[in-house]
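Participant:
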Amino acid sequence: EFRGPKHDEL
Amino acid sequence: MNIFRLLGDICHLVAIIVLLLKIWKTRSCAGISGKSQILFALVYTTRYVDLFFTYVSLYNSVMKVIFLASSYATLYLIYVKFKATYDFNHDTFRIEFLLIPCVILSLLITHDYSPVELLWTFSIYLEAVAILPQLFMVSKTGEAETITSHYLFALGAYRALYIVNWIYRYYTESFIDGIAVVAGIIQTILYADFFYLYITKVLKGKDFKLPA
């Protein structure tokens, strides 16, 4: 399952 | 945040500091690809525009500012302060061959067609290949200074550690970002040859020289 944006990484 | 990501971020930070210190202490940017550094500055600029829109954590914001500031400081050292030592004759990779495909790919494969999301996607694709001008330069001259090879190792190790972090996050949070994972794996594969030579040569105290 590919989830969308969750850009908490650098 | 998990230990793999933290170690990855630390490796990334170490890589940047090693590069800046190398240039500063030797007063020279010989052997360093300015073109790769331009691409990295572009990577951080396009990825961290979200500094103005989203707040994740103090750690997150501080690291973003450090990565942005250090990438521009590196460019300043290469193209202004120590310009005379810049080895432009060997830094001949055509970066448009990386930039154009990354723009096209980010328009084709993205999570969402919003400006910030498209910039993030572009930055992920570009980061995967941004080291190529540097690796091209090393392959052209056939060697790298030991300190440059430490820089490259830390920079490569950072994304490799992120892969472990993604596996960990998949099992603990069921979170996976296909774009980052695929690009991150390609990015790490590009360093594979270098890792092999680094471990078999540099760590044994020999100079980093490509086999003739």
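Residue numbers (the numbering used here), protein chains in the order written: chain C, 2 to 11; chain W, 17 to 228.
Beta carbons are placed, not taken as given, at the ideal position from N, Cα and C, and that holds for glycine.
If you're wondering where the values come from, they're calculated on a predicted model, not measured in any experiment.
Where does E161/W sit, in a helix, a strand or coil, going by DSSP?
Facilitator: What you label residue 161/W is simply residue 145 of the second sequence in a count that begins at 1. Reduced to three states, the DSSP call for E161/W is coil.
Participant: State the Cα-Cα distance for the pair Y71/W and M17/W, rounded to the nearest angstrom.
Facilitator: Reading the second sequence from its first residue, position 55 is the one you call residue 71/W. Reading the second sequence from its first residue, position 1 is the one you call residue 17/W. The straight-line gap from Cα to Cα measures roughly 15 Å.
Participant: Taking E143/W as part of the alpha helix (DSSP H), name the residues at either end of that continuous run.
Facilitator: As a first step, residue 143/W is located in the second sequence; it is residue number 127 there, counting from the start. Where E143/W is concerned, the enclosing alpha helix (DSSP H) stretches over 131-145.
Participant: Show which residues of chain C have a CB atom less than 8 Å away from the CB atom of E133/W.
Facilitator: Residue numbering aside, residue 133/W sits at position 117 when the second sequence is read from its first letter. What E133/W touches in chain C: P6.
Participant: Which residues in the same chain have their Cβ closer than 6 Å to the Cβ of L67/W, if we skip the five residues on either side of it in sequence?
Facilitator: Counting from one through the second sequence, the residue named residue 67/W turns up at place 51. Cβ within range, chain order: K80.
Participant: Hey, could you find the ends of the alpha helix (DSSP H) I192/W is sitting in?
Facilitator: For the purposes of this step, residue 192/W is taken as residue 176 along the second sequence, with counting starting at 1. Here I192/W belongs to no alpha helix (DSSP H), and DSSP marks it neither H nor E.
Participant: If I163/W sits next to K51/W, beta carbons under 8 Å apart, how far is it from one beta carbon to the other, in whole angstroms?
Facilitator: Sequence index remark: in the second sequence, residue 163/W carries index 147 (1-based). Sequence index remark: in the second sequence, residue 51/W carries index 35 (1-based). 19 Å between Cβ atoms; not a contact.
Participant: Measure from the C-beta of V72/W to each C-beta in chain C and report whether the shortest distance is under 7 Å.
Facilitator: Here residue 72/W refers to the residue found at position 56 when the second sequence is read from its first residue. Output row for V72/W: interface = yes.
Participant: Looking at chain C, is there any beta carbon in it that lies within less than 7 Å of the beta carbon of M153/W?
Facilitator: In the second sequence, counting from the first residue as 1, residue 153/W sits at position 137. False, the Cβ-Cβ gap to chain C never drops below 7 Å.
Participant: Check whether the region 136-148 of chain W touches the region 49-63 of chain W, counting contact only when three or more Cβ pairs, one atom from each stretch, lie closer than 8 Å.
Facilitator: The region 136-148 of chain W, when compared against the region 49-63 of chain W, does touch it at the 8 Å Cβ threshold.
Participant: Kindly indicate the opening and closing residues of the alpha helix (DSSP H) around M79/W.
Facilitator: Along the second sequence, read from residue 1 onward, the residue named residue 79/W stands at position 63. Note, M79/W: alpha helix (DSSP H), 74-92.
Participant: At what residues does the alpha helix (DSSP H) containing G47/W begin and finish?
Facilitator: Here residue 47/W refers to the residue found at position 31 of the second sequence. First-last for G47/W: undefined, no H or E at that position.
Participant: Using the Cβ count rule (16 or more neighbours within 10 Å means buried), how would you classify V154/W?
Facilitator: Counting from 1 along the second sequence, the entry for residue 154/W is found at position 138. Buried, since its Cβ has 16 or more Cβ neighbours within 10 Å.
Participant: By a C-beta neighbour count over all protein chains shown, 10 Å radius and 16 as the cutoff for buried, is D193/W buried or exposed?
Facilitator: For this step, residue 193/W is matched to residue 177 along the second sequence. Answer is buried; the Cβ neighbour count reaches 16.
Participant: Taking Cβ-Cβ distances shorter than 8 Å, what residues in chain C pair up with W136/W?
Facilitator: By one-based count along the second sequence, residue 136/W stands at place 120. P6, H8, listed in chain order.
Participant: Work out the CA separation of L29/W and P6/C for me, nearest whole Å.
Facilitator: On the first sequence, residue 6/C is found 5 positions in, with the first residue counted as 1. On the second sequence, residue 29/W is found 13 positions in, with the first residue counted as 1. Computed Cα separation, rounded: 24 Å.
Participant: In chain order, what residues of the same chain have a beta carbon less than 8 Å from the beta carbon of T101/W, not counting five sequence neighbours either side?
Facilitator: For the purposes of this step, residue 101/W is identified with residue 85 of the second sequence, where counting begins at 1. Counting only Cβ-Cβ distances below 8 Å, and skipping sequence neighbours, we find R43, S44, C45, A46.
Participant: Given this structure, state the Cα-to-Cα distance separating F224/W from S130/W, to the nearest angstrom.
Facilitator: The residue you call residue 224/W lines up with position 208 of the second sequence. The residue you call residue 130/W lines up with position 114 of the second sequence. Spanning the two alpha carbons is a distance of roughly 44 Å.
Participant: So is D103/W in contact with chain C if we call contact Cβ pairs under 7 Å?
Facilitator: As a working note, residue 103/W is residue 87 in the second sequence. No, because no Cβ of chain C sits closer than 7 Å to the Cβ of D103/W.
Participant: From the DSSP secondary-structure annotation, give me the bridge partner or partners of K225/W.
Facilitator: If you number the second sequence from 1, residue 225/W lands on position 209. BP columns for K225/W point to E159/W.
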